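Enquirer: For any residue, its number in the numbering used here is found by taking its place in the sequence shown, counting from 1, and adding 1095. Think of the CB as a built atom: it goes at the ideal place given N, C-alpha and C, for glycine as much as any other residue. The structure displayed is predicted, hence computed values, not measured ones. Below you'll find the structure I mean.
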Amino acid sequence: MKMIKRLTIESNMKKSSFILALIIALPAMLLPETKLIERNKTHFREGPGCYNPLIGLLEKGMSINTVDSQTGWVKIRLNGQDGWISENALKADVTSSSTTAKTSPFDNKKPILISRASASGSVRGFAQKFLEYHKGDVAFIDQYETSFFTPSEYQRFKQETYKGRDAEKIADRYTKKKVLRVDEYDIPFNLEKTGMAVAGQIAATGLDKNPAKLKYVNMVGTVVLEGTELYYFPFRFYLLTDKRSAAYSSPNGMIFVTGGLLKMVEDEAELACLLGHEMAHVIKQHGYAEMSKRVDQGKAEGEFDELDESIPGETPDVDIELNDLAFNMFEASTKKRQMEYEYEADKLGVIYAYKAGYDPMALVRILKRIQANTDRDFWNPESNWQADGIKDRIEKVEEFIKENLTKHTDWNVSNTSRYRMAIK
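What follows is the structure in structure tokens.
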């Protein structure tokens, strides 16, 4: 009896000690951590996800307090307002005010938060001048803040997509850091500006504005995007009326698929792979790399630095050199690229689709279907999505899939019926 009583006392003491330790630790657990913004023009959003409304942009070097987190996202409090930024925008912890003063390059003359209106005005202003000069689709600049679905609509779509499957386990099937190097990627503000101009020029060829199709394609694209290195940046997807087979990607994350290419797609997995391929061109900045070969590198960097440093809310002057630079970017985004870029985009595209739970072999299927099309009038001679340019691509990407993307293939889906209901 004494033994039982002693054990009971010891047990109660252990519980009391645990509760006391928890009480002591709890305030520290609830205290916000202080960190530095590492990425310039970091997106500050109303919720955790690139599809949530933008509050504004945060400057690199700012010291902020984090109050919560979830996969890939951190909740912060700024001037009494809560919002979310991507986890990879942050530097190491800042432990004291003196450390902040020594480490932070933040210039107090800059605004703490660049408003959404100021950011939008800066991007739209540059694009408008460029498009007026080149007779592009000036109205397209309104797409800078366009959303094709609400956050709640996307969450329902995502739940339906992963019904009976574990999205995190699916994404974790491929994590090779040599291929997916997260720290390298960003879309600088100067590429947002020139990219908007490029996108408006592409849109001038003719847009399919069917809202149901656009909503569906954008939700599929966002599912794929969430598994990429640029999960925090809002990509937007558009349909062109061109009946030839082609797809284009602007350096600001705006992607265009022609009606001709979409007509050849037979299921959602094929669409996911195509969109993943174009995302890879943006993430790897292939268009910028191509443009850099056409112009003086030093001059290009100087012009882009000038564009990046223009005051938010003001419309930068579009001088001849900057105009030519943006036009070269348009040419690089719409003309044939080097095959090494296509191979890389194919590889990354199937990885992104696979991490989103789609069948990566879908890219092989659509490429073979394009190759089998013998009507040369159907091809776009300036596109890499044409029959005489994809034979080697098929062989290389099929080999890569068989060697790397075969784990739990039973988790992959094609969603043929959902695709046909939305598109066909």
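1. Quick one: what does DSSP say I1207 is sitting in, helix, strand or coil?
2. Whole angstroms is fine: what's the gap from N1510's alpha carbon to Y1228's?
3. For A1184, I'd like the list of residues in its chain whose CB is within less than 7 Å of its CB, leaving aside the five on either flank, ordered along the chain.
4. Can you give me the start and stop residues for the alpha helix (DSSP H) that Y1249 sits inside?
5. Ignoring anything shorter than 4 residues, give me the alpha helix (DSSP H) runs that lie fully in the region 1346 to 1373, in order along the chain.
6. Do you know whose CA, among A1448, R1513, L1325, Y1438, lies nearest S1181's CA?
7. Would you list the one or two residues that DSSP bridges to W1168?
8. For D1303, write down the residues that DSSP places opposite it in a beta bridge.
9. Helix, strand or coil for S1158, going by three-state DSSP, please let me know.
10. Starting from T1129, follow the beta strand (DSSP E) in both directions and report where the run begins and ends.
11. Tell whether a beta-carbon distance below 8 Å holds between Y1239 and A1364.
12. DSSP state of F1139, grouped into three classes?
13. On the three-pair Cβ rule with 8 Å, is the region 1289 to 1304 touching the region 1333 to 1353?
14. For the beta strand (DSSP E) that contains I1282, what are its first and last residues?
15. Considering only their Cβ atoms, is the gap separating I1209 from L1152 smaller than 8 Å?
16. When you compare each of E1493, K1186, M1359, Y1449 to A1262 by their alpha carbons, which one comes out closest?
17. In its own chain, which residues sit with a C-beta less than 8 Å from the C-beta of V1459, not counting the 5 before and 5 after it?
18. Looking at the unbroken alpha helix (DSSP H) that takes in L1152, where does it start and where does it end?
19. Since Y1565 is in the alpha helix (DSSP H), which residue starts that stretch and which ends it?
20. Just to confirm before moving on: does the CB-CB distance between H1372 and A1440 stay below 8 Å?
21. Rank E1141, K1519, Y1146, K1130 by C-alpha distance to the C-alpha of F1332 and give the top, closest one.
22. According to DSSP, simplified to helix, strand and coil, what is S1242?
23. Between which residues of its own chain and T1336 is the CB-CB distance below 6 Å, once the five residues before and five after are set aside?
24. At what residues does the beta strand (DSSP E) containing A1342 begin and finish?
25. Which residues in the same chain have their Cβ closer than 7 Å to the Cβ of A1294, if we skip the five residues on either side of it in sequence?
26. How many Å lie between L1334 and A1341 at the Cα?
27. Straight-line CA distance for E1396 to I1282?
28. Considering only the beta carbon of each residue, do L1320 and M1374 sit closer than 8 Å?
29. Going by Cα to Cα distance, which pick from W1179, F1244, R1219 is closest to D1232?
30. Mapping the DSSP letters down to three states, classify L1173 as helix, strand or coil.
31. Rounded to whole angstroms, what's the CA-CA distance from E1498 to F1221? Just pull it up for me.
32. From the DSSP output, in three-state form, read off Y1453 for me.
33. Looking only at DSSP bridge pairs, what is V1508 linked to?
34. Is the beta carbon of L1462 closer than 8 Å to that of I1485?
35. Residues in its own chain within less than 6 Å of A1517 by CB, not counting five upstream and five downstream?
36. Report the option in Y1269, P1143, K1442 whose CA atom is closest to the CA atom of G1178.
Expert: Taking the definition as stated:
1. Coil at I1207, not helix or strand.
2. Near 44 Å, if we compare the C-alpha coordinates of Y1228 and N1510.
3. Counting only residues of its own chain and dropping the five nearest sequence neighbours on each side, A1184 has a CB closer than 7 Å to the CB of I1132, E1133, R1134, T1137.
4. Bounds of the alpha helix (DSSP H) holding Y1249 are 1246 to 1256.
5. List check, alpha helix (DSSP H) in window: 1354 to 1359.
6. Ranking A1448, R1513, L1325, Y1438 by Cα distance to S1181 puts L1325 first.
7. According to DSSP, W1168 bridges with Q1165, S1181.
8. BP columns for D1303 point to L1334.
9. Strand, per DSSP.
10. Membership of T1129 in the beta strand (DSSP E) is indicated by the continuous run 1128 to 1132.
11. At a Cβ-Cβ threshold of 8 Å, Y1239 and A1364 do not count as neighbours.
12. Strand, per DSSP.
13. Yes, they touch.
14. Premise fails: I1282 is in no beta strand (DSSP E) and is neither H nor E.
15. Pairing L1152 with I1209 gives a Cβ-Cβ distance under 8 Å.
16. Considering only alpha carbons, the answer is Y1449.
17. Only I1489, V1492, E1493, I1496 meet the Cβ criterion.
18. Careful: L1152 lies outside any alpha helix (DSSP H), inside the beta strand (DSSP E) at 1149 to 1153.
19. With the chain covering 1096 to 1519 only, the question about residue 1565 has no answer from this structure.
20. Yes, the Cβ-Cβ distance between H1372 and A1440 is below 8 Å.
21. Nearest of E1141, K1519, Y1146, K1130 to F1332, Cα basis: Y1146.
22. Per DSSP, reduced to three states, the secondary structure at S1242 is coil, with no helix or strand assignment.
23. So the qualifying residues of the chain are G1301, D1303, G1354.
24. Per DSSP, A1342 belongs to the beta strand (DSSP E) from 1342 to 1344.
25. F1235, S1345, N1347, M1349, listed in sequence order.
26. Their Cα atoms are separated by approximately 11 Å.
27. Here the model assigns E1396 a pLDDT of 49, short of 50, so the residue's position is not dependable and the matter cannot be decided.
28. Contact: yes.
29. Nearest option by C-alpha distance: R1219.
30. In the displayed model, L1173 falls within a strand according to three-state DSSP.
31. Taking the straight line joining both Cα atoms gives about 45 Å.
32. For Y1453, the secondary structure class from DSSP, reduced to helix, strand or coil, is strand.
33. Answer is Y1453.
34. Annotated as proximal: I1485 and L1462, with beta-carbon spacing under 8 Å.
35. Taken in chain order, the residues that qualify are Y1311.
36. Considering only alpha carbons, the answer is P1143.
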